[in-house]
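Input: a single structure, listed below in structure tokens.
Residue numbers (our numbering): 5 to 417.
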């Protein structure tokens, strides 16, 4: 029996003891009070909106001026500089968000917390963004486990130990969860798990360094792709998981991958943004931004535009066909989190620390909201508000000032 399998079985025993006597993992959802029905084909929500990770919400609009409605302190307290987990909108109207404190929060629109759930090892925390489906919140933690919590109560349905760390966000489709996992060696793997039971259905451990990147599933192209700190983009066929190709950039691929029109779009610490053919890994273009790219791009098919930030303090709009620059805007600080694109605007956080709204056609600044800490999460836009999470402030790390929080931003009427 290999070490990963031993860890998996240990996780089964721990979870079953927590919720009651059970003969197998498949019973845990019923014992935990979950709905007894087949899993949904698609998620209610997940990181960047759906499995292609394009970060586009064309039906949403934002106000011309805004103000902070409330801020909840204590979400993020650590000094880890990677992007923090991003808030997502649950079907019941609550906001679900993770923190490097090792906590998952469900928060009502009025700022009252409905429930809190914890990772087994809270010292390592959550850094990924949850997927929600089947009345369940799914998220990976830096303790190397993937968790499933009841959406209404926060009760843990199951916990599956997969590796040494998970910094990526899960992808959900057709009753399965796809997640990139890290090992100390360093090396990595990608897994598919049964969303009801948490059982591993497939794994590939060929990745040669940490895959902090979040995978994309492009069902139209029949491809599953993920980046790695070894500088390579890895590709498998979907849904049959045959390994197909890698594309090497020479430097770390940290951010999520976006897919559109038969191609993968992503940034690298090689200072470039890439468009690569999903069919065979051929590089279609690479645009040098002059600074490393840690954030994932937003790709808007209707306008043929790629929006992406770099660590030199700029947000760019690039032509999706050619990679040519359309505009560049200085947002005051390095961009680590992904942008969100609405009907007329692009929202992006930075180390300034601010949340900025830009006109997506010109890059002109519409408004900014100052924050206490660096804004490294991806903004969430709902019908009534904008939500964003921040990394803890430098002052807090030195023992002064507030820790990283969650904001609700509304129209300034």
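Even for Gly, the Cβ is constructed at its ideal location relative to N, Cα and C.
Keep in mind the model is a prediction, meaning the values are calculated, not measured.
* Using DSSP bridges, identify the partner residues of residue 274. => Residue 274 pairs with nothing; no bridge assigned.
* Out of 303, 322 and 374, which has the shortest C-alpha to C-alpha gap to residue 346? -> 303
* Considering only the beta carbon of each residue, do residue 61 and residue 344 sit closer than 8 Å? -> yes
* According to the Cβ coordinates, are residue 83 and residue 401 closer than 8 Å? -> yes
* To do: Go through its chain and collect everything with a Cβ distance to residue 188's Cβ below 6 Å, but skip five positions before and after it.
  => Taken in chain order, the residues that qualify are 168.
* To do: Label residue 148 either buried or exposed according to how many other C-beta atoms from any shown protein chain fall within 10 Å of its C-beta, with 16 as the threshold for buried.
  => Answer is buried; the Cβ neighbour count reaches 16.
* Contact check, residue 282 vs residue 227, beta carbons under 8 Å -> yes
* Asked: By the 10 Å Cβ neighbour count, where 16 or more other Cβ atoms means buried, how is residue 178 classified, buried or exposed?
  -> Exposed.
* Cβ neighbours of residue 248 in the same chain (closer than 7 Å, five flanking residues each side left out) -> 239, 240 and 241
* Can you tell me which of the three DSSP states residue 267 falls into? => strand
* What residues are listed by DSSP as bridge partners for residue 219? -> None, per the DSSP bridge assignment.
* Alpha-carbon to alpha-carbon, residue 141 and residue 387 -> 22 Å
* Can you tell which of 215, 223, 184 and 212 has its C-alpha closest to the C-alpha of residue 206? -> Of 215, 223, 184 and 212, the residue nearest in Cα terms is 184.
* To do: Could you check what DSSP says for residue 189 in three-state terms: helix, strand or coil?
  => coil
* Asked: Where does residue 351 sit, in a helix, a strand or coil, going by DSSP?
  -> strand
* Looking at the structure shown, is residue 32 part of a helix, part of a strand, or coil, going by DSSP? -> Per-residue confidence for residue 32 stands at a pLDDT of 38, beneath the threshold of 50, marking its modelled position as unreliable; the derived number appears in the next sentence. Residue 32 falls in the helix class under three-state DSSP.
* Could you work out which residue in 335, 100 and 152 is closest to residue 112 when comparing CA atoms only? => 100
* If you draw a straight line from the alpha carbon of residue 76 to that of residue 244, how long is it in whole angstroms? -> Approximately 43 Å between the Cα atoms of the pair.
* To do: Could you have a look at residue 321 and say whether DSSP puts it in helix, strand or coil?
  => strand
* State the Cα-Cα distance for the pair residue 56 and residue 297, rounded to the nearest angstrom. => Between the alpha carbons of residue 56 and residue 297 lies a gap of roughly 19 Å.
* Asked: Buried or exposed: where does residue 123 fall if 16 or more other Cβ atoms within 10 Å of its Cβ makes it buried?
  -> buried
* Asked: Does the distance from the CB of residue 103 to the CB of residue 130 come in under 8 Å?
  -> The Cβ atoms of residue 103 and residue 130 lie closer than 8 Å to each other.
* Asked: In chain order, what residues of the same chain lie with their CB nearer than 8 Å to the CB of residue 48, ignoring the 5 residues before and after it?
  -> The answer, listed in chain order, is 94, 95, 136 and 137.
* Determine the DSSP secondary structure at residue 312, reduced to helix, strand or coil. => Correct three-state label for residue 312: strand.
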